[in-house]
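480 is the number of the first residue of the sequence shown in my numbering; add one for each residue after it. Cβ atoms here follow ideal geometry from the backbone N, Cα and C, with glycine treated the same way. None of the values given here were measured: they were computed from a predicted structure.
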Amino acid sequence: MSRTITVSASGRYDILIQSGCLDFCGTRMRTLFSASRTAVIADSRVAALYLDRVCASLRNADFDPVCFVFPEGEGSKTLETWATLQSFLAKNRLTRSDPLVALGGGVTGDLTGFAGATYLRGVPFVQIPTSLLAMVDSSVGGKTGVDLPEGKNLTGAFWQPSLVLIDPDVLRTLSADQFSDGSAEVIKYGMIFDRNLFDRLQNGFPQDAVEEIIGTCVDWKRQVVEEDEFDNARRQLLNYGHTVGHAVELLSNFSLSHGQSVAIGMSVVATAADRLCLSESPCADLLRQTLSAHSLPTVCPYDAASLLQVMLRDKKVRGNHIQLVIPSAIGACRLYPTPVDTLLTFLEAGL
Ligand code: GLY
């Protein structure tokens with residue numbers, strides 16, 4: 480099975496979902512780029528698994544790849560790694576027409592995309608996501624950046640990829656926890672837009688429909704990015720669970736993963752929305768059951784005051800409001816601008 484979804488944003492690009500496409504990334508890139516040089520960026524885990532295959536495919540298509548490998552983990556998503564990568568590209572004399580290739584999960588995609596947006600004031604980049612989370616969310620839509628000590632993703636740029644190549648076969652090398660991490664984002668799409676998708680996830684991930692479900696999520700992402708590329712309106716819905724989730728992730732010092740933190744964030748917000756009668760129909764119980772079926776946590780280990788302190792540094796604070804996303808029902812979320820002086824009460828209701 481093969482599916483191509485085309486995004487028409489500030490750039491127009493294809494997202495190809497096809498088993499085995501890792502092995503023809505070179506020929507596929509050759510249809511877009513005449514350059515001979517390219518730089519592949521990967522973390523140490525993904526490099527050990529897939530870098531040779533990707534480089535072989537690139538060489539077969541007459542590219543001459545150089546490789547930048549960095550330590551696995553969110554701790555590498557920093558300005559320091561970004562600066563080291565910029566120097567690496569300059570030392571290797573990559574030029575404006577030479578594409579970067581992000582081979583990996585969300586950290587790699589965000590870091591490479593930000594390097595693409597900034598090196599020589601902008602070079603093209605290709606996303607080859609290897610985690611479920613990156614396939615269904617972060618590789619599409621052009622949000623790029625790194626963390627600051629003060630918070631997640633606080634510096635970055637919108638920079639659309641030129642191509643996204645999703646090879647579902649590579650999910651086989653993810654641990655169960657890494658797969659669940661991506662399930663949290665898939666459940667998020669169900670909560671925001673798609674009751675039917677949510678219902679299919681209630682008893683765990685249907686393993687016979689992984690490729691199809693990736694396509695469903697990517698198509699939701701396409702619609703949102705085409706409507707609101709720069710995150711001023713509808714795209715903000717995709718932040719459901721993320722504002723609380725980012726605070727949880729930071730407070731845990733990244734011992735809780737992104738997906739686990741988002742799962743907790745979605746639970747806290749749905750619980751608050753139910754208790755404060757902001758939902759049209761109660762959602763929190765069914766959401767928690769579904770998250771548990773994917774081995775995702777639903778109980779927040781931090782109190783409201785600690786969450787609040789971190790959330791006030793979030794980039795979704797505008798003036799004295801923070802943009803929250805709350806479920807009206809399963810499959811229908813809405814933006815809920817919340818005065819920061821009521822946020823503590825909201826969080827207390829969610830815990
Ligand atoms: N990950 C949320 C977005 O791309 O808008």
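Taking the alpha carbon of residue i as the point to measure from, which residue in the options has its own alpha carbon closest?
i: residue 730; options: 708, 673, 758, 790; result: 790
i: residue 557; options: 745, 587, 708; result: 587
i: residue 577; options: 596, 585, 589; result: 596
i: residue 801; options: 793, 609, 807; result: 793
i: residue 643; options: 657, 605, 624; result: 605
i: residue 822; options: 520, 503, 755; result: 755
i: residue 590; options: 526, 650, 734, 520; result: 520
i: residue 667; options: 770, 784, 562; result: 770
i: residue 555; options: 545, 749, 631; result: 631
i: residue 535; options: 504, 513, 564, 552; result: 504
i: residue 812; options: 715, 743, 797; result: 715
i: residue 819; options: 798, 698, 744; result: 798
i: residue 523; options: 538, 553, 776; result: 553
i: residue 747; options: 781, 734, 733, 562; result: 781
i: residue 496; options: 594, 608, 506, 549; result: 608
i: residue 674; options: 570, 694, 810, 572; result: 810
i: residue 580; options: 572, 624, 550, 516; result: 516
i: residue 561; options: 537, 575, 592; result: 592
i: residue 506; options: 493, 783, 541, 518; result: 541
i: residue 649; options: 482, 494, 502; result: 502
i: residue 684; options: 529, 696, 669, 773; result: 773
i: residue 784; options: 824, 681, 570, 620; result: 824
i: residue 814; options: 830, 725, 671, 762; result: 671
i: residue 662; options: 494, 749, 741; result: 741
State the DSSP-derived secondary structure class of residue i, mapped to helix, strand or coil.
i: residue 565; result: helix
i: residue 809; result: coil
i: residue 577; result: coil
i: residue 549; result: strand
i: residue 711; result: coil
i: residue 773; result: coil
i: residue 488; result: coil
i: residue 816; result: strand
i: residue 647; result: helix
i: residue 616; result: helix
i: residue 704; result: helix
i: residue 514; result: coil
i: residue 836; result: Absent from the structure is residue 836, since the part of the chain shown begins at 480 and ends at 830.
i: residue 531; result: helix
i: residue 797; result: strand
i: residue 632; result: strand
i: residue 606; result: strand
Exposed or buried, which one is residue i when buried takes at least 16 other CB atoms within 10 Å?
i: residue 778; result: exposed
i: residue 826; result: buried
i: residue 628; result: exposed
i: residue 491; result: exposed
i: residue 664; result: buried
i: residue 480; result: exposed
i: residue 622; result: buried
i: residue 709; result: exposed
i: residue 767; result: buried
i: residue 739; result: buried
i: residue 510; result: exposed
i: residue 728; result: buried
i: residue 816; result: exposed
Are there any heavy atoms of the ligand GLY lying less than 7 Å away from the beta-carbon of residue i, as far as the coordinates show?
i: residue 622; result: yes
i: residue 710; result: yes
i: residue 538; result: no
i: residue 617; result: yes
i: residue 814; result: no
i: residue 633; result: no
i: residue 714; result: yes
i: residue 611; result: no
i: residue 558; result: no
Looking at the ligand GTP, does it come within less than 7 Å of residue i, judged from the CB to the closest heavy atom?
i: residue 717; result: The ligand content of the structure shown is limited to the ligand GLY, which means the ligand GTP is not among them.
Checklist entry - So does the stretch 630–642 actually touch the stretch 485–494, counting three or more Cβ pairs closer than 8 Å? => result Touching, yes, given that three or more Cβ pairs across the two stretches are closer than 8 Å.
Next on the checklist: Check whether the stretch 710–725 and the stretch 797–814 touch, using three or more Cβ-Cβ pairs below 8 Å as the test.
Outcome noted: Yes, they touch.
Next on the checklist: Is it the case that the stretch 744–761 contacts the stretch 698–712, given that we only count it when at least three CB pairs across the two stretches are under 8 Å?
Outcome noted: Taking 8 Å as the limit for Cβ pairs, the verdict is that the stretch 744–761 does not touch the stretch 698–712.
Item to check | Contact the stretch 606–620 vs the stretch 656–676: 3+ CB pairs below 8 Å | outcome: When C-beta atoms of the stretch 606–620 are compared with those of the stretch 656–676, three or more pairs fall below 8 Å, so the two segments count as touching.
Item to check | the stretch 685–701 / the stretch 556–572 touching (three or more Cβ pairs under 8 Å) | outcome: Under the three-pair Cβ rule at 8 Å, the stretch 685–701 does not count as touching the stretch 556–572.
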